[in-house]
Structures are given as structure tokens and as C-alpha cells.
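Report on one structure; see the data block that follows.
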Amino acid sequence: MRAMRTGRPAGRLARGLVVALSLCACLPAGAQAAPAVRMHVALEPGRLGRPTAVDIDIQIATPPPPPPLSTLAILYPSQLGFTSGELGLEACSQSELEAGGPAGCPANSRMGDGSARAQAPFASGTISETGRLAVIRGPELAGHTQLLFYVENSRPLNAQLAFSSVLLAASAPYEQIQLAVPPIPSIPEASDIALVSLHVTLDPSGLRYYEMSHGRRVAYHPTGVILPHRCPRGGFPFGVQVGFVAGARAEARTDVPCAAARRRR
Amino acid sequence: MLATVGAMLTIGATAHAAGVLDGKATARLHLVQVEGSELNEEGPVSGVLTGTARGELHLGAIFIASFTIHTRSGSITGRGTAIPHGTGRYQSFAGSFTTTGGSGRYAHISGRPGLYGVLDRRTDSVVIQTTGRLTY
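Okay, here's the thing in C-alpha cells:
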């Protein structure tokens, strides 16, 4: 597992933040309070035995200044195979993603979308920016299935970041998507930019794949995450574990109730 | 994905008088049912062991398979783990499986042969091969 950053992002993001602060290059305040993380997960439509989109929202709450992350692990029930279906039938290499963004990758490598919010702490205040997120199937990495999280902020910073993640086994009943978050520097002697929220929808309804049929290129919606016919007791368990550069850790767990899934049948 | 798919499981092993199966086995299974990330599959077994196979294949960060092969002489039950490799429609995997039980002629079967296969992620059909030595 490794993290990567596109050639442009950190520098542009840093410069943009500097401009936004009108050259108020003050250093951040010192001590950081204990961070906390919240998680909310929805399955849509969430019908048992049927394909579903998985909507994951992670919010990192910290007193200012927000501390930068070093790792982020999304725990999901092993019963939901994020790559067992047709999601990510093709792979996009890091170089392809860096060069052309998600549009430069095969359509059949798209697995999800969402948004990410980052904050840059300064003594005079905190700049917050939200960027679009794309989840792309990457090539195998050190024997593990790789997902690339690509964040693009078109306004006003025009910055791009790509985070590599791998699927790993975890203690039952989980498996995990483990991201390594690279440092995102802002200005010299200021704290790194911190990721404070992540919203991911895997297998969104608008996802379109393409295949050749009778000589024609035909679009279809891939069959992605399929719910089992039976809900586990207590619901489908999810969790998030966050590690911060300063060494602190935070985690949250949540269960998506089975009752909600049954009612939609 | 829910469509039924043809499957093949081939057992290419050699039976010895001493009760040893030593060789390569290949099988093709078709999808019966999807249970989340678990595929229930079945299909014919051909080769030295002729019969049918039925099993579950959990597709996660690690593939976990458990299956039973039924032959006229008895059944063989095993459980295996394999690491998936590559991307694309056809995903290969490699690992090993351990026999966990048997009946009839294979009541005392034991061994830990290699487990290899290819999964068609579009149709959920899977071809499984085993190589190695089993004693019974």
C-alpha cells in the first residue's frame, strides 16, 4: 500500500490557500485536542438479496486546528464484496489517472463517487474546501486489490489529489479499505492541510459501464454490491479507523439496521 | 449476475492402490445463488473423480471456498483460501485447500493440495484447479 499525489496538487492547493488568506501566513496554534470521528452509512435501495449502492459519510470533528491524517480505514461487512461483482472490471493506472483524471481512465474502472473536504489551519482562521471524489479500480498492488481515491477541486484551487488504498482482511465481521493519506503541505512552517470529511458512494445509480454486443458498444449498469438474503443480527456493521500524523487515533462504528432493509422489500 | 452459468470442475488426479490421489484436478462450476459476497456454485466433476461438486465461494480481500465433491465411491469435503490476482473480467486466484472430511472410500482422506482458479466476474462462473497429493 502506498500513497501518491499527483504532480500538481499540493503546490496548487497550497498556493490557492495562501491567496485565499491574502498572504496571512500565520502559524497555526500549538496543541491539538483529541479528535473524534463520526460515521453514517446508508444502503440504497437496500433490498435484501438485491444490488445496492453503499453510501458512506465520514466526519472528523476536531477542535481547531484540524490535525492531518496519516491513515484511514473503512471497515465494511465481509458479506458485502465491494469487488466481488462487476465493479471495477477494468483498471486504471496511477499514471493514467494523474495525466487525465477520471475521464482519462476506462469507464469500466469507475466504482464510485462522492466528495471530500479539506481544511488548512492558520492562526487567523481555517480555510475549508470541498472537492469531487472519484473511486477508481487500480491495478493490483503488492498482491492486494487497489482502489484509487481521486479528489479534484476545480474551484478556486484547481488541485488534484490521488490516494491509494487496498482491500485487506480484517477481524470478523469486517473487511477493510485501507487508505494511506499522504502529507498535503500548505505553506512553509504551517501545518499540513487536513482531510476532515469523506463522502463515498460505491456503485451509484448513475454508474455506466460499456461492453461490445453484436459489434456495438452498449452501456449498462454494472451489478456491484449485492446484499445477502439474510441480515446479520444487529444489522450490517460498518466502521472507520482514523490515524493522525501526530499519533492520535479515533474510530467509530455504526450498524445499518436490517429492519430498514426488510421494509423496502 | 444472477443468471445461471455453466460451470466445470475437473479433477485430473491419479488413483493409486495405496489410496493416494496425486495429480491435477480441474473443475467448472456454475452459479446457483448469490448471497452477498458469497457465491453458491455447483457443477460436474470429471477426471479420475467423477461426480458433482457443490460449494460456496466467498469473494473478499481473500477468497474462501468450501465445497463437497460427490462421487460414486464417496464424498470429499474441503475448505480453502486463495489470494485473488489481477483485474478485469477474468480474475485469477491461487492458494490451497485442506480436506476436512469425507465419506465412503474417502472417509479418511487428508491432504492440502494447491488451489487455483479463474473467476468470470461478469457471469460468476468459476474454473477451479487443484494440484497436489491426497491420501485416503
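These protein sequences, in sequence, are chains A and B.
All letters in the first sequence, in the order written, are residues 38 to 302 by our numbering.
All letters in the second sequence, in the order written, are residues -8 to 127 by our numbering.
Cβ coordinates follow ideal geometry from the N, Cα and C atoms, glycine included.
Being a predicted model, the structure only gives us computed values, none of them experimental.
Look up residue i in the DSSP assignment and say whether it is helix, strand or coil.
i, result
"B/A85", "strand"
"B/R96", "helix"
"A/G122", "coil"
"A/G141", "helix"
"B/A8", "Any reading at B/A8 is ruled out, since the residue's pLDDT is 46, under 50, leaving its predicted position unreliable."
"A/R253", "strand"
"B/A16", "strand"
"B/S57", "strand"
Which partner residues does residue i have in the DSSP bridge list?
i, result
"B/E33", "B/H21, B/R45"
"A/Q278", "A/A110, A/E288"
"B/G51", "Paired residues: none, contrary to the question."
"A/P72", "The partner list for A/P72 (beta bridge, DSSP) is empty, contrary to what the question assumes."
"A/D240", "A/D240 pairs with nothing; no bridge assigned."
"B/I74", "B/A85"
"A/P348", "Only positions 38 to 302 of chain A appear in the structure, and residue 348 of chain A is not among them; the question remains open."
"A/D303", "Residue 303 of chain A lies beyond the residue range present for chain A, which begins at 38 and ends at 302; the question has no answer from this structure."
"A/H181", "A/L178"
"A/L85", "Partner(s): none; A/L85 has no beta bridge."
"A/I214", "A/I111, A/L204"
"A/A227", "DSSP, once it has assigned bridges, lists no residue as partnering A/A227."
"A/L198", "A/V188"
"A/V293", "A/F273"
"B/T90", "B/G69"
"B/S101", "B/T126"
Terminal residues of the continuous alpha helix (DSSP H) containing residue i?
i, result
"A/L134", "131 to 137"
Provide the residue span of the beta strand (DSSP E) that contains residue i, from first to last.
i, result
"A/Q156", "147 to 159"
"B/Y129", "Since the displayed chain B opens at -8 and closes at 127, residue 129 of chain B lies outside it and no answer follows."
"A/E127", "Looking at the DSSP string, A/E127 is not in any beta strand (DSSP E), and its letter there is neither H nor E."
"A/G175", "162 to 178"
"A/A207", "Element bounds for A/A207: n/a, residue is neither H nor E."
"A/R267", "Premise fails: A/R267 is in no beta strand (DSSP E) and is neither H nor E."
"B/S64", "B/S64 -> no beta strand (DSSP E), and no H or E assigned at all."
On the premise that residue j lies in contact with residue i, defined as a C-beta separation below 8 Å, what is that separation, rounded to the nearest angstrom?
i, j, result
"A/E189", "A/G175", "That pair is no contact at about 16 Å."
"B/S87", "B/V109", "Contact flag wrong, Cβ pair sits at about 17 Å."
"B/Y127", "B/I100", "4 Å"
"B/G38", "B/T68", "That belief does not hold up - the Cβ atoms of B/G38 and B/T68 are roughly 18 Å apart, past 8 Å."
"B/A44", "B/A18", "6 Å"
"A/D150", "A/P219", "Actually they do not touch by this definition, with Cβ atoms about 21 Å apart."
"B/R112", "A/G122", "7 Å"
"B/T140", "B/F54", "Nothing in the structure corresponds to residue 140 of chain B, since chain B is present only between -8 and 127."
"A/I173", "A/R154", "With 8 Å as the limit, A/I173 and A/R154 do not qualify as a contact, their Cβ atoms being about 20 Å apart."
"A/Q215", "A/A110", "5 Å"
"A/L124", "A/P259", "6 Å"
Does the beta carbon of residue i come closer than 8 Å to any beta carbon on chain E?
i, result
"B/I119", "The chain inventory of the structure shown lacks chain E, comprising the protein chains A and B."
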